[in-house]
Structures are given as C-alpha cells and as structure tokens.
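Here is the structure we will look at.
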Amino acid sequence: SMPPFYELAVARFVRTGSSSSSPSSSPQDSSHWVIAVTFSSASGSLLYQILGTHSDYALAAPASVTLSPPPHQTPQDSEGIPPGYRYAAKAPIGYVDADILPALHATLTTIPIVRGDPTWGSRNWVLDGVNELRSVEGFFVEKHVCEQWINDKLGEK
161 SMPPFYELAV ARFVRTGSSS SSPSSSPQDS SHWVIAVTFS SASGSLLYQI
211 LGTHSDYALA APASVTLSPP PHQTPQDSEG IPPGYRYAAK APIGYVDADI
261 LPALHATLTT IPIVRGDPTW GSRNWVLDGV NELRSVEGFF VEKHVCEQWI
311 NDKLGEK
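First residue of the sequence shown: 161, per my numbering; consecutive thereafter.
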C-alpha cells in the first residue's frame with residue numbers, strides 16, 4: 161500500500177509586541193518563517209527553522225506544535241515557537257512521502273546559514289530550503305510555488 165503523504169508548508173510568525181513598528185526593525189525581524197510538515201489538523205505540525213539573531217542563527221531541532229491562530233493559541237501550542245512571536249499564516253507548498261520525512265532535517269542541515277548580515281534571515285533560509293527540497297526524491301513542491309507566491313499567500317510585504 162502507498163505510504164501516507166504529509167502536507168509541506170511555509171508558515172509565518174509575527175512579533176507579538178508593538179515593537180514591530182519601531183524603525184530599527186527590518187522586515188526580516190518583524191516576521192519569522194519556518195518550514196512546516198502537517199500530519200493532520202488534529203495532531204499538529206513539525207516545524208523546521210533557524211533560531212537566534214543575525215549574529216548567531218542556528219538550525220533548531222524539529223519542534224512539534226499546533227498551529228492555531230490567536231486567540232485559540234494555548235501555552236502548550238507555543239512550545240517550539242520562538243519567544244515573542246505568534247502564528248500568523250501558512251502557505252501549503254506541496255507534500256512529502258511519510259517514509260522520506262526523516263530526510264527533511266538532514267537536507268536542511270545542508271542549507272547555508274548566513275550570520276552577521278542584517279538583511280538575511282529566516283525567510284531567506286526557508287526559500288533556499290524549499291528550492292533544495294525540489295530536487296530531493298520523495299518531496300513534491302508544486303510548480304507554481306515561488307518567492308512572490310509565498311509572500312502573497314503569507315501576507316508578507
């Protein structure tokens with residue numbers, strides 16, 4: 161029988177505080193992007209992401225979360241979500257063969273992380289990761305998925 165497929169998506173988190181309006185924060189900092197694999201609406205998602213600041217970004221361990229839009233977000237939901245951010249939107253980009261899922265983290269470890277560049281952040285890393293997954297067997301990224309399409313879907317300026 162065919163193995164199940166899980167939804168592959170890009171999710172966006174936004175700052176919870178009002179500090180996002182401060183002129184010093186770049187678009188990179190006001191939102192945080194992750195690659196998400198959703199098993200079913202009930203059982204939640206696995207987030208793959210880089211965490212940290214421009215000076216010390218690092219690949220985080222996959223985090224199991226429930227992506228609930230506010231105000232339904234519970235404290236349990238926010239485990240694995242970067243402190244100071246809340247879930248804002250999700251853009252499904254394709255799907256992954258369940259048997260191949262362990263390869264996702266391994267593939268993402270190969271995506272270069274840029275430190276010390278204030279113009280580079282989680283969005284760049286996610287877009288690079290999505291492009292890389294196109295060439296990995298068992299991952300299916302829809303043809304129409306591109307940076308502009310994801311920006312529009314996520315409401316990113």
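C-beta atoms are modelled at their ideal positions from N, C-alpha and C, and glycine is treated no differently.
DSSP beta-bridge partners of residue i
i, result
"Leu207", "Ala196 and Ala223"
"Gly254", "Leu168 and Val301"
"Val296", "DSSP output for Val296 lists no bridge partner at all."
Alpha-carbon spacing of residue i relative to residue j, whole angstroms
i, j, result
"Arg172", "Lys250", "6 Å"
"Gly212", "Ser295", "28 Å"
"Ala266", "Lys317", "30 Å"
"Ile241", "Gly289", "19 Å"
"Ile260", "Phe299", "8 Å"
"Pro272", "Ala263", "17 Å"
"Gly254", "Val225", "19 Å"
"Asp216", "Leu287", "19 Å"
"Gly281", "Pro164", "32 Å"
"Ile195", "Val256", "12 Å"
Neighbour-count burial assignment, residue i, 16 or more Cβ in a 10 Å radius
i, result
"Glu302", "exposed"
"Glu297", "exposed"
"His304", "exposed"
"Trp193", "buried"
"Ala218", "exposed"
"Arg175", "buried"
"Gln209", "buried"
"Thr269", "exposed"
Residue nearest to residue i in terms of C-alpha spacing, selected from the options
i, options, result
"Val274", "Thr267, Trp285 and Ser200", "Trp285"
"Glu167", "Cys306, Leu219, Leu206 and Lys313", "Leu206"
"Ala169", "Gly244, Thr279, Ala221 and Phe199", "Phe199"
"Gly204", "Ala223, Arg283, Leu287 and Glu292", "Ala223"
"Tyr245", "Leu293, Ser228 and Gln308", "Ser228"
Which of helix, strand or coil DSSP assigns to residue i
i, result
"Val274", "coil"
"Ser282", "helix"
"Phe173", "strand"
"Ser215", "coil"
"Ser185", "Bear in mind that the predicted position of Ser185 carries a pLDDT of just 49, short of 50, making it unreliable; the figure below should be weighed with that in mind. Residue state, collapsed to three classes: coil."
"Ser191", "strand"
Beta carbon proximity, residue i to chain B, threshold 8 Å
i, result
"Cys306", "Here there is only one protein chain, and chain B is not present."
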